[in-house]
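Q: The structure that follows is given in the form of structure tokens.
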Amino acid sequence: METKFRESIAKAVHDPNLTGALGRFSEAYRTSRQKAYEGYDFEALRTQIAQRKSYAAAHLDELAELFTRSAEARGTKVFRTNDPAKVREYILNLARANGVKSVVKSKSMASEEIHLNQHLEAAGIEVGETDLGEWIIQLAGQTPSHMVMPAIHMTKEEVATIFNEQVEEGQKPDIPKLVKFARGKLRTKFLKAEMGITGANIAVAETGTIVIVTNEGNARLVTTLPKIHVAIVGIEKLMEKFDDVVPVLTALPKSATAQLLTSYVSMISGPVPNTDGTPKQLHIILMDNRRTEMSQDPKFKQAMQCIRCASCLNVCPVFRLVGGHVFGKVYTGGIGTILTAWFDALKAADDIQSLCIQCGNCTEVCPGKIDIPGLILELRRRLAVEKGQPLVQKAIFSVVNNRKLFHTMLRAAYVMQKPVQKGSFIRHLPFFLSDMTEFRSLPAIAEAPLRDTIKKIKQPACEEKIAFYAGCLIDFAYPEMGESLVKIMNKAGIEVLFPEGQTCCGAPARYSGAYETAAQNASDNINALLAKDVSYVVSACPTCTVTLKHDFISTFESLGQTDAVPRARQLADKVIDFSSLVKKLVDAGRLQFKEGQKLGKITYHDSCHLKRTLHASQEPRELLTKAGYEITEMFEADMCCGMGGSYSLKLPEISAPILERKLVNIKKTGAPLVVMDCPGCVMQIRGGLDKQNSGIQGQHVEVQHTVQRLVDQLK
Amino acid sequence: MDAVFETFKLRAEAVSAEVHRFPHKKEALDFVLSYLNGAGVSAAPQSYAVWASCPFLEGMDREKISAGMPGLVFDVNREVSAVAKVGISQLDWAIANTGTLVQDAAPVDQRLVSTLPSIHIALVRSDRLVPDLPSLLAKIRPERTNYISFITGPSRTADIERVLTIGVHGPEKLVIVFFDLSSDELESVN
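Put into structure tokens, the structure is as follows:
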């Protein structure tokens with residue numbers, strides 16, 4: 001990671017204006033978005049959008065031709081090019097030929113993408129951004145920090161200062177007055193401009209129509225007052241039929257700003273009369289800039305389904321902390337990382353792809369149904385292939401994958417940790433490792449790993465057998481979780497096998513882009529877990545469960561190792577997470593809770609993979625309630641805790657403030673106990689609370705895995 | 716119809732528009748004129764009212780109307796619109812579940828009066844109210860006109876600190892005036 005990048009993260013997370021404004025917005029966004037979609041079937045709507053946009057992506061050439069024919073038949077000039085330089089040249093020539101001295105623009109990410117303003121200004125043409133946010137950042141000499149809200153990182157005081165310095169003295173930090181001031185100043189620009197430049201949100205091929213969505217009304221003025229209108233349209237905006245407008249126009253305002261519809265929508269299908277009666281010159285530029293190439297990539301063609309609503313930014317636990325400038329490019333956030341890799345260069349996404357914590361929040365809200373975290377992993381994989389794995393990482397994986405060696409090293413660590421261990425925690429690590437324990441304590445390595453202790457448990461001989469996949473954390477740090485799981489299964493008349501050949505699930509390798517290593521892990525585990533005939537393969541770690549159930553298959557597919565896929569599927573069919581299995585057993589009457597237990601108030605934290613990939617959020621809640629607990633829901637219960645596997649080690653400066661928010665939300669419930677289904681979350685949250693408690697006086701909250709809370713409540 | 720209208724009113728008011736409904740054109744006209752009076756319209760820059768040509772005005776004596784309302788201009792152009800306080804136009808359709816008005820805005824006067832002045836009075840026939848976006852898009856076709864405008868409430872921004880502020884580039888006030896047509900009138904227009 002570049003030092004410059006790390007510095008920009010540090011700067012962002014310590015900027016209270018940025019984190020305050022973004023944090024407030026993103027906290028309010030979830031509720032207001034939900035309200036905007038009331039009465040709509042979001043799944044059906046986004047399925048429709050994904051289908052129609054993917055159809056368009058698969059027929060780009062055809063649709064671009066159809067659009068050109070339809071628009072030109074109405075008197076529009078259409079220019080199609082793959083090259084950003086040609087777009088700039090076309091506009092510049094047009095401006096020169098018509099003696100244009102002044103241009104007004106409404107918001108266009110496509111024009112930002114090709115740095116149009118700088119080129120026009122260098123040619124002596126005055127360019128005025130008219131979207132208020134865009135104008136502010138233009139005056140400040142910055143790039144947009146958010147696709148929909150470009151100046152969200154600035155306070156009214158900063159805006160007033162910029163106006164005072166760049167436009168006119170005497171502006172006070174009063175929002176309505178600042179807006180009025182901008183209205184007056186920009187009105188003059190609108191009236192004198194000879195050319196108006198816009199983007200477009202949809203381009204309908206069959207009718208040659210562009211659809212422009214705004215709230216301020218600037219696009220209406222840009223397309224009305226100047227005699228020339230140029231629309232720069234990225235070809236991902238093409239859709240086949242006028243009817244396709246319905247789903248996009250239904251979703252876009254709701255997903256972008258939680259509005260039912262924006263204040264203005266303009267549908268332009270040809271030149272209209274100017275204010276002096278002459279016909280307007282209408283030029284539509286269909287810009288490719290590697291979009292066709294993207295649409296032909298088997299993985300990334302999905303990204304063409306984006307409608308540029310930026311909801312992936314709004315729900316992202318990382319974006320709300322760092323904002324857009326950390327991305328260093330025009331497009332920001334999850335989808336921005338992907339677009340940057342294509343429209344700029346794969347290498348340009350090298351640092352920023354590491355920001356994704358893989359929590360999956362964005363996949364739940366994306367109206368284009370894009371698997372953004374999946375595509376970011378694919379970027380990571382391609383980057384790793386291109387530049388090779390870092391040596392340290394290679395060394396770590398070779399140790400992790402050699403269970404015997406890993407064992408020995410951890411045992412050595414167990415002995416070495418004695419001087420720094422306090423109870424069951426490591427609070428401070430020496431030297432270069434100190435970053436890892438700066439914001440949370442790490443769990444102490446267990447004296448004996450589960451793979452040893454499990455042999456000592458006397459299990460009844462049962463007909464039904466299941467295999468238990470422990471995963472590193474339960475095996476080496478929290479063996480008691482595994483022991484509890486065995487007890488519960490025994491109560492249901494099931495014997496638990498611990499296949500010795502199991503190794504790391506490979507998630508750390510996969511999430512680092514090291515797919516070859518991940519594939520080796522997959523093969524080893526498949527062999528171990530399918531060796532004996534069992535009814536289920538259960539895991540009490542949702543990340544491991546997801547890896548076993550979904551990622552093995554996708555890792556093999558990514559590497560073209562199709563031979564390995566059938567066995568991976570065979571395993572996937574047997575894999576189940578702990579709470580879902582217990583729920584099945586309770587429903588089948590094979591497990592019964594003790595009656596009349598009143599165990600008091602708790603709160604429940606949803607782990608990312610359990611909720612969003614395995615779709616189990618009610619199961620643990622139902623079990624805990626049946627056990628006798630009373631659940632008080634915390635704010636944003638399903639927001640990531642900041643662990644993200646090795647993420648918290650790679651980017652502790654982001655992981656720490658995410659955890660901090662989680663701890664605040666837990667404590668606000670007043671519950672003395674927070675329960676969750678993931679040992680990784682337990683490690684992060686327990687460690688964070690321990691760190692707080694070990695410092696100043698804190699409200700004491702206990703952190704437990706569901707398995708620990710159920711074991712004594714079942715008959 | 717009334718339930719649909721109530722939905723429209725609720726949605727439009729939720730985005731800061733003002734909604735009125737009158738049983739005849741006559742009452743609608745009286746309302747508009749008294750509104751212009753109340754808004755201080757007069758024959759001076761920044762105080763004009765510009766009224767774009769529309770079916771509503773057909774059969775009305777414009778000279779007589781403007782004689783009684785100094786500052787009200789029917790001959791709309793860029794210059795007078797830029798110094799007008801109120802713009803008046805008729806919109807073709809209304810969508811209930813979003814509180815939206817829709818019009819064929821290819822004639823430039825329709826856009827001048829609804830973008831430049833700070834108040835926009837939008838007249839719309841009550842029988843042109845449809846429930847939602849799909850039913851509207853089934854009625855309009857871009858082949859028939861080069862510029863279709865959708866208007867939902869006044870111009871707004873939240874670009875500074877996410878604080879909602881009304882009236883940035885377009886009107887800061889949107890006054891929607893529905894008028895009902897009698898069955899005879901409906902027959903003659905349809």
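Heads up: the protein sequence lines correspond to chains A and B, in order. Reminder that position 1 of the first sequence reads as 1 in my numbering, one-by-one numbering, no gaps. Reminder that position 18 of the second sequence reads as 733 in my numbering, one-by-one numbering, no gaps. Don't be surprised by glycine CBs; every beta carbon is placed ideally from N, CA and C.
Looking at the strands, I want to know which residues DSSP matches up with TYR862/B.
A: Looking at the DSSP assignment, TYR862/B forms a beta bridge with ILE268/A.
Q: Taking the beta carbon of GLN34/A as the centre, do at least 16 other beta carbons fall within 10 Å, making it buried, or is it exposed?
A: GLN34/A is exposed by the Cβ-count criterion.
Q: Return the CA-CA distance between ALA384/A and ASP452/A, expressed in angstroms with no decimal places.
A: Distance between the alpha carbons of ALA384/A and ASP452/A is about 36 angstroms.
Q: Looking at TYR604/A and MET683/A, is the spacing between their C-beta atoms short of 9 angstroms?
A: No, these two residues do not count as a Cβ contact at 9 angstroms.
Q: Between HIS283/A and the rest of its own chain, which residues show a CB-CB distance below 6 angstroms, the 5 nearest in sequence each way excluded?
A: Cβ within range, chain order: LYS77 and VAL230.
Q: Residues of chain A with a CB under 7 angstroms from the CB of THR880/B: which are they?
A: Those are ILE175, PRO176 and VAL179, listed as they occur along chain A.
Q: Exposed or buried, what is MET639/A when buried is set at 16 or more other beta-carbons lying within 10 Å of its beta-carbon?
A: Buried: at least 16 other Cβ atoms inside 10 Å.
Q: First and last residue of the beta strand (DSSP E) that includes MET1/A?
A: Neither: MET1/A is in no beta strand (DSSP E) and is coded neither H nor E.
Q: For the alpha helix (DSSP H) containing GLU43/A, list its first residue and its last residue.
A: Counting along the chain, the alpha helix (DSSP H) containing GLU43/A begins and ends at 42 to 58.
Q: Apart from the five residues just before and just after LYS237/A, which ones in its own chain have a Cβ nearer than 7 angstroms to its Cβ?
A: Same-chain partners within the cutoff: ALA200, ASN201, ILE202 and ALA203.
Q: Once you ignore the five residues that flank ASP475/A on each side, which residues in its own chain have a CB closer than 7 angstroms to its CB?
A: These residues qualify, in order along the chain: PRO449, LEU450 and ARG451.
Q: Around the Cβ of GLN171/A, are there at least 16 other Cβ atoms within 10 angstroms (buried) or fewer (exposed)?
A: With 16 or more Cβ atoms within 10 Å of its Cβ, GLN171/A is classed as buried.
Q: Excluding five sequence neighbours on each side, which residues of the same chain lie with their C-beta closer than 8 angstroms to the C-beta of GLU500/A?
A: The residues are ARG451 and ALA528.
Q: For SER111/A, I'd like the list of residues in its chain whose CB is within less than 8 angstroms of its CB, leaving aside the five on either flank, ordered along the chain.
A: The residues are LYS105, ASN117, ILE197, GLY199 and ILE232.
Q: What does the alpha-carbon distance come out to for the pair SER434/A and LYS53/A?
A: No answer about SER434/A holds up, because its pLDDT of 46 lies below 50 and its placement is not dependable.
Q: State the Cα-Cα distance for the pair LYS177/A and VAL730/B, rounded to the nearest angstrom.
A: Rounded to the nearest angstrom, the two C-alpha atoms are 21 angstroms apart.
Q: Let me confirm a value: ALA719/A is counted as buried when at least 16 other C-beta atoms fall within 10 Å, else exposed. Which label applies?
A: With chain A represented from 1 up to 715, any question about residue 719/A goes unanswered, as that position is not in the structure.
Q: Within 10 Å of its beta-carbon, does THR545/A have 16 or more other beta-carbons around it, so buried, or fewer, so exposed?
A: Per the 10 Å Cβ criterion, buried.
Q: In whole angstroms, give me the CA-to-CA distance for GLY774/B and GLU216/A.
A: Whole-angstrom Cα-Cα distance: 35 angstroms.
Q: Which chain A residues sit within Cβ distance under 8 angstroms of GLY868/B?
A: Under the 8 angstroms cutoff, chain A gives SER263.
Q: With a threshold of 9 angstroms between beta-carbons, can ASP874/B be considered close to chain A, or not?
A: Yes, contact with chain A.
Q: If distances are taken between C-alpha atoms only, which option among GLY277/A, ALA28/A, PRO273/A and ASP61/A comes closest to ARG877/B?
A: Ranking the options by Cα distance to ARG877/B, first place goes to ALA28/A.
Q: Please classify LEU429/A: does DSSP put it in a helix, a strand, or coil?
A: Residue placement at LEU429/A is flagged as unreliable, the pLDDT there being 44, under the threshold of 50; the coordinate-derived value follows with that caveat. Three-state result, LEU429/A: coil.
Q: Which of the three DSSP states, helix, strand or coil, is assigned to ILE780/B?
A: Correct three-state label for ILE780/B: helix.
Q: I'd like the ranges of any beta strand (DSSP E) spanning at least 3 consecutive residues and lying wholly in the region 215 to 258 of chain A.
A: Complete beta strand (DSSP E) runs here, min 3: 228 to 234.
Q: My parser needs the alpha helix (DSSP H) runs of 4 or more residues fully inside the region 659 to 714 of chain A; what are they?
A: Segments of the alpha helix (DSSP H) lying fully in the region 659 to 714 of chain A: 679 to 694 and 706 to 710.
Q: State yes or no: is the C-beta of PRO253/A within less than 9 angstroms of the C-beta of ALA36/A?
A: A contact, by the Cβ cut-off of 9 angstroms.
Q: From the DSSP secondary-structure annotation, give me the bridge partner or partners of ARG920/B.
A: Only positions 716 to 905 of chain B appear in this structure, which leaves residue 920/B out of reach.
Q: Measuring CB to CB, does VAL892/B end up less than 9 angstroms from VAL747/B?
A: For VAL892/B and VAL747/B, yes; Cβs fall inside 9 angstroms.
Q: Could you tell me which chain B residues have their CB closer than 9 angstroms to the CB of SER26/A, listed as they occur along the chain?
A: Here the premise fails: no neighbours, minimum Cβ distance about 10 angstroms.
Q: For chain B, is any of its Cβ atoms less than 9 angstroms away from the one on GLN259/A?
A: Taking Cβ atoms only, chain B reaches closer than 9 angstroms to GLN259/A, which makes this a yes.
Q: Just how far apart, CA to CA, sit LYS156/A and ILE175/A?
A: Their backbone Cα atoms lie some 6 angstroms apart in a straight line.
Q: Suppose the cutoff is 8 angstroms on Cβ atoms and the five residues either side in sequence are ignored; what does the same chain contact list for ALA811/B look like?
A: Answer for ALA811/B: VAL719, PHE720, THR722, PHE723, ARG726, LEU844, VAL845, PRO846 and ASP847, listed in chain order.
Q: Could you check what DSSP says for PHE397/A in three-state terms: helix, strand or coil?
A: Note: PHE397/A maps to helix in three-state DSSP.
Q: Quick check on VAL87/A: does DSSP put it in helix, strand or coil?
A: Three-state result, VAL87/A: helix.
Q: Among CYS641/A, GLY368/A, ALA10/A and TYR90/A, which has the Cα closest to the Cα of LEU249/A?
A: Ranking CYS641/A, GLY368/A, ALA10/A and TYR90/A by Cα distance to LEU249/A puts GLY368/A first.
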